[in-house]
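Participant: Have a look at the structure that comes next, please.
There are 2 protein chains.
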Amino acid sequence: MANAYRLFAALSDPTRRAIFERVAKRPQAVASLARGLPVSRPAVSQHLKVLKEAGLVTDRAEGTRRIYQIDPHGLGAIRQWLDRFWDDSLAAFKAAAESDEGE
Amino acid sequence: MANAYRLFAALSDPTRRAIFERVAKRPQAVASLARGLPVSRPAVSQHLKVLKEAGLVTDRAEGTRRIYQIDPHGLGAIRQWLDRFWDDSLAAFKAAAESDEGE
DNA sequence: ACTAATTGTAAGTCGACACTTACGGTAAGC
DNA sequence: GCTTACCGTAAGTGTCGACTTACAATTAGT
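Residue numbers (the working numbering), protein chains in the order written: chain A, 53 to 155; chain B, 53 to 155.
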């Protein structure tokens with residue numbers, strides 16, 4: 053399972069984020085993605101590899117082309133991390149705010 | 053307002069994530085944070101600066117010390133981004149899955 | 001005023017990574 | 001079978017950033 057670190061690291065790069073968002077809109081092949089981006093096709097391939105290892109996309113062969121699709125599991129992991137962190141940190145935040153209230 | 057790119061970039065570094073999580077548990081000063089981490093104190097300061105600019109933490113002076121605290125606004129921005137992205141991408145994912153269903 | 005404590009910043013170094021070109025490998029079409 | 005199209009990977013390069021040490025600034029205590 054992809055940990056939160058890998059997920060954030062995968063989404064930290066602007067180009068990779070753009071690729072991920074385009075794949076999220078609709079499944080696409082590598083060349084199709086590279087066409088609308090200011091980087092070369094191999095660069096897109098490398099980014100997709102990172103996204104795949106992070107659990108954010110999946111790929112399937114279709115002839116010579118490779119179709120990349122979003123993997124809901126990745127977003128689910130982020131949401132899970134966020135939910136847990138949300139509760140903990142917000143509770144601590146409220147506790148700190150209340151302890152300051154008496155001053 | 054901090055955009056999603058800055059947030060993800062801020063949380064992509066492991067050391068910075070550790071600092072953020074410790075600050076989330078309870079407000080702390082810089083030296084206190086540096087004590088439990090394998091990096092120098094200036095490094096912690098630099099990380100806190102990034103977290104602050106991303107809208108993830110706030111700071112207030114307390115004597116010569118500077119207390120860093122979590123900023124709920126930052127997590128809120130992540131959640132907002134995730135919610136919107138969740139709906140869009142999941143809709144596209146379902147649409148793609150259903151279009152494959154007939155094959 | 002002087003000292004000590006705490007912090008932010010400047011300058012420099014080193015490794016990671018995003019990108020490129022070049023190459024090899026696989027599937028479709030004539 | 002040969003060419004064409006599409007893709008992943010290897011090798012090399014340049015840049016960004018995480019880290020360190022050194023220094024300056026502010027505040028509390030004596």
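We put the CB at the ideal spot given by N, CA and C, even for glycine.
Keep in mind it's a predicted model, so treat the numbers as computed, not measured.
What is the C-beta distance between A/V109 and A/D123, in whole angstroms, given that I count them as a contact (C-beta under 8 Å)?
Facilitator: As a working mapping, residue 109 of chain A is identified with position 57 in the first sequence. As a working mapping, residue 123 of chain A is identified with position 71 in the first sequence. About 5 Å separates the two Cβ atoms, so the contact holds.
Participant: In the structure shown, what three-state DSSP assignment does A/V91 receive?
Facilitator: Counting from one through the first sequence, the residue named residue 91 of chain A turns up at place 39. It is coil, neither helix nor strand.
Participant: Who are A/E114's beta bridge partners in DSSP?
Facilitator: Position 62 of the first sequence, counting from 1, holds the residue named residue 114 of chain A. Paired residue(s): A/R117.
Participant: Is it the case that the Cβ atoms of A/V75 and A/V96 are separated by a distance below 7 Å?
Facilitator: Against the first sequence, residue 75 of chain A aligns to sequence position 23. Against the first sequence, residue 96 of chain A aligns to sequence position 44. No, the pair does not count as a contact, with Cβ atoms beyond the cut-off.
Participant: Does DSSP classify B/A81 as helix, strand or coil?
Facilitator: Start at 1 with the first residue of the second sequence, and residue 81 of chain B comes out as number 29. Strand at B/A81.
Participant: Within the 7 Å Cβ cut-off, does A/S64 reach chain B?
Facilitator: As a working mapping, residue 64 of chain A is identified with position 12 in the first sequence. So, interface residue.
Participant: Are the CB atoms of A/R58 and A/A129 within a distance shorter than 7 Å?
Facilitator: Walking along the first sequence from the start, residue 129 of chain A turns up at place 77. Walking along the first sequence from the start, residue 58 of chain A turns up at place 6. Taking 7 Å as the Cβ cut-off, A/A129 and A/R58 do not qualify as a contacting pair.
Participant: Counting only Cβ pairs nearer than 8 Å, list the residues of chain A close to B/D139.
Facilitator: Locating residue 139 of chain B in the second sequence gives position 87, counting from the first residue. Result: empty, since nearest Cβ-Cβ is about 11 Å, beyond 8 Å.
Participant: Using a cut-off of 9 Å between C-beta atoms, extract the partners of B/L127 located in chain A.
Facilitator: What you label residue 127 of chain B is simply residue 75 of the second sequence in a count that begins at 1. Correct list: L134, F137, W138, S141, L142.
Participant: For chain B, check one thing: does any of its Cβ atoms lie closer than 7 Å to the Cβ of A/R117?
Facilitator: Counting from one through the first sequence, the residue named residue 117 of chain A turns up at place 65. So no, A/R117 is outside the interface.
Participant: Going by DSSP, name the residue or residues bridged to A/L122.
Facilitator: Counting from one through the first sequence, the residue named residue 122 of chain A turns up at place 70. One point to set straight first is that residue 122 of chain A is Ile, not Leu, in the sequence displayed. According to DSSP, which records beta bridges pairwise, A/I122 is partnered with A/V109.
Participant: Tell me the DSSP secondary structure of A/D65 in three-state form.
Facilitator: For this step, residue 65 of chain A is matched to residue 13 along the first sequence. It is coil, neither helix nor strand.
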